[in-house]
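**Student:**
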């Protein structure tokens, strides 16, 4: 595997003293629980962002050569993490990662991740209704008969912005703040015509190097890229280890990419010692303190009995 930085590169991007294990603020946690998403500014240093974009460009050309892009050049690539060292390191990004374990706990892994490249649209897009919640059957199987009782979160994503999405019309994600607490969204009677976005819709405008985090229940939609800028994004989803993977990762466990992963990153790629381990316990029914992320947080004093998922 060749990195955009060259064969056998060894580089550390400067994030100061950030380790990825600092607790998030109560203010951020409250905003996320109320709005269903958080926009984080300047998550990636410019040299890190540029290196990731170069890696995306390389993977894009590889997929294009295999005929995997659409006729307008769009690429939606699932399970991209093992395509470059830089992608694997995103699992524990020093600024974004604290939001993952801070909002969902230590028994996590990445069940779903995708690389998106969206060139400018070649022609006006036909009418479509793209509003949805992530999770597929997670939106039906655990739902109660009480429409006022929100479904469980189950998973969340961090989206890294590599291109300039600072203005609307560049294919950015649209969300409805607070809609993660809704089990349904009214759908237009006729979706063969252009319909206005639901009331309260916000298009997430962001600068290169920003990131946003969202609850899988957040009602959201893609948008058409009407600009001259190609949208490039990396999405990394996290869920509980007792939930099965959505994307297939074809990791070579004897290869360099896997060798270079830390114990926590290996957990986040789905590694476990036995089936009960995915449920956070050993076969004796007690919590397994050797689960890498739990062990790391415990050693750093970041477990907190007042936060259920950090007990």
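Residue numbers (my numbering): 1287 to 1597.
For every residue, glycine included, the Cβ atom is placed at its ideal position computed from N, Cα and C.
Please classify residue 1319: is it buried, with 16 or more other beta-carbons within 10 angstroms of its beta-carbon, or exposed?
**Tutor:** Locating residue 1319 in the chain shown gives position 33, counting from the first residue. By the 10 Å Cβ count, residue 1319 comes out exposed.
**Student:** Let me check one thing: in DSSP terms, what residues is residue 1341 bridge-paired to?
**Tutor:** Taking the first residue of the chain shown as 1, we reach residue 1341 at position 55. Residue 1341 is not bridged to any residue.
**Student:** Taking only runs that begin and end inside the region 1375–1452, name each unbroken beta strand (DSSP E) of 3 or more residues, in chain order.
**Tutor:** Taking only runs of at least 3 residues, the beta strand (DSSP E) segments lying wholly in the region 1375–1452 are 1394–1404 and 1441–1447.
**Student:** Who are the Cβ neighbours of residue 1452 in its own chain at under 8 angstroms, not counting the five residues just before and after it?
**Tutor:** To locate residue 1452, count along the chain shown from 1; it is residue 166. Excluding residues within five positions, the ones whose Cβ falls inside 8 angstroms are 1491, 1492 and 1493.
**Student:** What is the residue span of the beta strand (DSSP E) that residue 1518 lies within?
**Tutor:** Position 232 of the chain shown, counted from the start, is the residue given in the question as residue 1518. Element bounds for residue 1518: 1517–1526.
**Student:** Roughly how many angstroms separate the alpha carbons of residue 1524 and residue 1500, rounded to a whole number?
**Tutor:** The count along the chain shown starts at 1 and reaches residue 1524 at position 238. The count along the chain shown starts at 1 and reaches residue 1500 at position 214. In a straight line, the C-alpha of residue 1524 is about 11 angstroms away from that of residue 1500.
**Student:** Entirely within the region 1467–1550 and at least 4 residues each: give me those alpha helix (DSSP H) ranges in chain order.
**Tutor:** Here the runs fully enclosed are 1542–1545.
**Student:** Take residue 1592 and list the residues in its own chain whose beta-carbon comes closer than 8 angstroms to its own, dropping the five residues that flank it on each side.
**Tutor:** In the chain shown, residue 1592 corresponds to position 306, counting from 1. Contacts found: none.
**Student:** Could you give the DSSP three-state label for residue 1313: helix, strand or coil?
**Tutor:** Sequence index remark: in the chain shown, residue 1313 carries index 27 (1-based). Reduced to three states, the DSSP call for residue 1313 is helix.
**Student:** Hey, how far is the Cα of residue 1596 from the Cα of residue 1543?
**Tutor:** Numbered from 1 along the chain shown, position 310 holds the residue referred to as residue 1596. Numbered from 1 along the chain shown, position 257 holds the residue referred to as residue 1543. C-alpha separation (whole angstroms): 29 angstroms.
**Student:** How long is the line joining the alpha carbons of residue 1586 and residue 1381, rounded to whole angstroms?
**Tutor:** Position 300 of the chain shown, counted from the start, is the residue given in the question as residue 1586. Position 95 of the chain shown, counted from the start, is the residue given in the question as residue 1381. When rounded, the distance between both Cα atoms is 16 angstroms.
**Student:** In angstroms with no decimal places, state the Cα-to-Cα distance between residue 1292 and residue 1556.
**Tutor:** Taking the first residue of the chain shown as position 1, residue 1292 is located at position 6. Taking the first residue of the chain shown as position 1, residue 1556 is located at position 270. With a pLDDT of only 48 at residue 1292, under the threshold of 50, the placement of this residue in the model should not be trusted, and no figure is reported.
**Student:** Considering only residues of the same chain and omitting the five flanking positions on each side of residue 1288, which have a CB-CB separation below 8 angstroms?
**Tutor:** Against the chain shown, residue 1288 aligns to sequence position 2. In this prediction, residue 1288 has a pLDDT of 44, which is less than 50 and means its spatial position is unreliable; nothing more can be read from the coordinates.
**Student:** Which of helix, strand or coil does DSSP assign to residue 1287?
**Tutor:** The sequence position of residue 1287 within the chain shown is 1, counting from 1. Any reading at residue 1287 must be qualified, since the residue scores a pLDDT of 43, below 50, and its modelled position is unreliable; the value itself is stated next. Reduced to three states, the DSSP call for residue 1287 is coil.
**Student:** Between residue 1339 and residue 1548, what straight-line distance do the alpha-carbon atoms span, to the nearest angstrom?
**Tutor:** Within the chain shown, residue 1339 is the residue found at index 53, counting from 1. Within the chain shown, residue 1548 is the residue found at index 262, counting from 1. When rounded, the distance between both Cα atoms is 23 angstroms.
**Student:** Using only alpha-carbon positions, find the residue among 1392, 1468 and 1458 that is nearest to residue 1429.
**Tutor:** Counting from one through the chain shown, the residue named residue 1429 turns up at place 143. Of 1392, 1468 and 1458, the residue nearest in Cα terms is 1468.
**Student:** Could you give the first and the last residue of the continuous alpha helix (DSSP H) run that contains residue 1583?
**Tutor:** Counted from its first residue, the chain shown places residue 1583 at position 297. Note, residue 1583: alpha helix (DSSP H), 1578–1585.
**Student:** So, for residue 1294: in the same chain, excluding its five sequence neighbours on each side, which residues have a beta-carbon less than 8 angstroms away from its beta-carbon?
**Tutor:** Position 8 of the chain shown, counted from the start, is the residue given in the question as residue 1294. In this predicted model, residue 1294 has a pLDDT of only 40, less than 50, meaning its place in the structure is not dependable; the value taken from the coordinates is given anyway. Nothing listed; no residue qualifies.
**Student:** Taking 6 angstroms as the limit between beta carbons, can you name the residues of its chain near residue 1369, skipping five residues before and five after?
**Tutor:** As a working mapping, residue 1369 is identified with position 83 in the chain shown. If we look at residue 1369 and ignore the five residues flanking it on each side, its Cβ neighbours are 1345.
**Student:** Exposed or buried, which one is residue 1444 when buried takes at least 16 other CB atoms within 10 Å?
**Tutor:** In the chain shown, residue 1444 corresponds to position 158, counting from 1. The residue is buried, with at least 16 neighbouring Cβ atoms inside 10 Å.
**Student:** For residue 1318, which of helix, strand or coil comes out of DSSP?
**Tutor:** Your numbering for residue 1318 matches position 32 in the chain shown. The answer is helix: DSSP assigns residue 1318 an H, G or I state.
**Student:** What are the partner residues of residue 1372, as DSSP defines its beta bridges?
**Tutor:** By 1-based counting over the chain shown, the position of residue 1372 is 86. DSSP lists no partner for residue 1372.
**Student:** Going by C-alpha to C-alpha distance, which of 1456, 1454 and 1551 sits closest to residue 1387?
**Tutor:** The count along the chain shown starts at 1 and reaches residue 1387 at position 101. When each option's Cα is compared against that of residue 1387, the closest is 1551.
**Student:** Look at residue 1541 and residue 1322 and say whether their C-beta atoms are less than 8 angstroms apart.
**Tutor:** Within the chain shown, numbered from 1, the residue matching residue 1541 stands at position 255. Within the chain shown, numbered from 1, the residue matching residue 1322 stands at position 36. Not closer than 8 angstroms, so no.
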